[in-house]
């Protein structure tokens, strides 16, 4: 695997479940959150931890799909999928498993890239109107940032739970 791909993969893994420079990784932040905490709304107008996990799953899967297709594909699910407000341990475990699976798919897609692929600007899907053009390099670094941005939100929510 090319050197830059190794570094990006390392950053994705550190942000998700490793030694992130900025603080706890996403998985470390989610550790020990209960189903009741995942469903709770400790502050008005904010997403629950469960909603944040479902949102992150949508985006990890979408980025993987965009890498695989080399185009701006539709979201794989709603941007902010609903999450049950009643505590449900099985649903919470499933949501976390789906996030891990989406992350693994993203890593696999990333590892198929060459260094030259990183400069590829995603094409618009048929029937789409032009949006901001983004390279695979920017998309992958943005995903690292997205993981850590929401890990920070989850860390704050934990303080109120």
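Numbering (the working numbering), first residue to last: 582 to 742.
The C-beta atom is built at its ideal place from N, Cα and C for all residues, glycine as well.
| Check | Outcome |
| --- | --- |
| When you compare only the Cα positions, how much space is there between residue 638 and residue 733? | 16 Å |
| How is the alpha helix (DSSP H) around residue 718 delimited, first residue to last? | 717 to 741 |
| When DSSP labels each residue in this structure, what does residue 652 get in the three-state scheme? | strand |
| Thinking C-alpha only, which one of 593, 739, 694, 616 is nearest residue 606? | 593 |
| Please state if the CB of residue 619 and the CB of residue 683 are separated by a distance shorter than 7 Å. | no |
| Below 6 Å CB to CB, which residues in the same chain sit around residue 729 once its five sequence neighbours on both sides are set aside? | 596, 603 |
| Could you give the distance in angstroms between the alpha-carbon of residue 647 and the alpha-carbon of residue 703? | 8 Å |
| Would you tell me roughly how many angstroms separate the C-alpha atoms of residue 609 and residue 617, rounded to the nearest one? | 18 Å |
| Apart from the five residues just before and just after residue 651, which ones in its own chain have a Cβ nearer than 7 Å to its Cβ? | 701, 703, 704 |
| Just to confirm before moving on: does the CB-CB distance between residue 688 and residue 717 stay below 7 Å? | no |
| Assign residue 705 to one of three DSSP states: helix, strand, or coil. | strand |
| Give the straight-line distance between the Cα atoms of residue 720 and residue 624, rounded to the nearest whole angstrom. | 31 Å |
| Quick one: residues in its chain with C-beta nearer than 8 Å to the C-beta of residue 727, no 5 flanking neighbours on either side, listed in chain order? | 637, 640 |
| Please tell me whether residue 630 and residue 738 are closer than 7 Å, where the distance is taken between their beta carbons. | yes |
| Could you tell me how far apart the beta carbons of residue 644 and residue 677 are, in whole angstroms, since I believe they sit closer than 8 Å? | Not really, about 19 Å apart at Cβ, beyond 8 Å. |
| Beta carbon of residue 583, beta carbon of residue 724: below 7 Å? | no |
| Would you report the Cα separation of residue 668 and residue 715, rounded to the nearest angstrom? | 39 Å |
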